[in-house]
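To start, the structure under review is shown below, and the notes come after it.
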Amino acid sequence: MKKLFLIFMLLTPLAIADERAEIFISPSYGSYRGQKKNDFNQEVKNVIGSGVKISFERRQPFIDDSGAGIGAGIVYNALKVKGNGIKSSSGSLISVPLYMTLGTGLDNGIYTKVSFGLAFSNGNVKWTDKNGGHGEIKAAPINGYGGIGIGVQKDRFSVGISAVTVPRLKRSYSSPTKRYRDKISDGLISLEFGYNLNSNKQK
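All letters in the sequence shown, in the order written, are residues -17 to -1, 1 to 186 by mature numbering (1 follows the signal peptide of the UniProt record, and there is no 0).
Set out below in structure tokens:
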């Protein structure tokens, strides 16, 4: 994990010479809403809660007003299992995504972007229920990462909205009557507030 933090921090000085080199602070909330109605453990839902993402992205001109670059981030989200008769501990999910980014809008105006890469993750939460069962949800250590975003930028500042994948969660459960293991997926909806580190004035 220390090596990932080092890579994350090194992006800042390397990015200052690029046309857009931004730091983003993004409040986020998980979009998971449980499985289908016939799920054998339907009560386990809304696992990923609110959190924040801090990321750096550097983009250079590609074709016309399009740009390509790289990014890295640190993402924190609360983990909690909710449902009738469920007692859950408070857990956390920490993820470090490293990704490529492609998009339009390097100057003032509307921007769009698509990101893809890998995320390194850690975190878990445990719960018990009224049936005498107990379970645990934990993050897979390495996952694919993807996201889309749109927003508007003016000079050094930008604001937008994005949707990104989060690490796949491994779920295990055991009670006197049932036992299972499975995997669940989620997504994050985030607001993005960006600041361009490049001192060159935008058009």
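Heads up, the beta-carbon is just placed ideally off N, CA and C, and yes, glycines get one too.
| Query | Result |
| --- | --- |
| Report yes or no: do three or more beta-carbon pairs, one from the stretch 122 to 141 and one from the stretch 168 to 184, lie closer than 8 Å? | yes |
| Taking DSSP as the reference, what is the three-state secondary structure of ARG151? | coil |
| I'd like the list of long-range same chain contacts for TRP110, defined as Cβ closer than 6 Å, with 5 residues on each side in sequence excluded. | VAL64, ILE69, SER71, GLY118 |
| Assign PRO124 to one of two classes, buried (16 or more other C-beta atoms within 10 Å of its C-beta) or exposed (fewer than that). | exposed |
| Give me the Cα-Cα distance between VAL58 and LYS113, rounded to the nearest whole angstrom. | 33 Å |
| Buried or exposed for LEU101, going by 16 or more other Cβ atoms inside 10 Å? | exposed |
| Give me whichever residues DSSP pairs with ILE8 in a beta bridge. | ILE37, PHE176 |
| Note the first and the last residue of the continuous beta strand (DSSP E) segment covering GLY100. | 92 to 111 |
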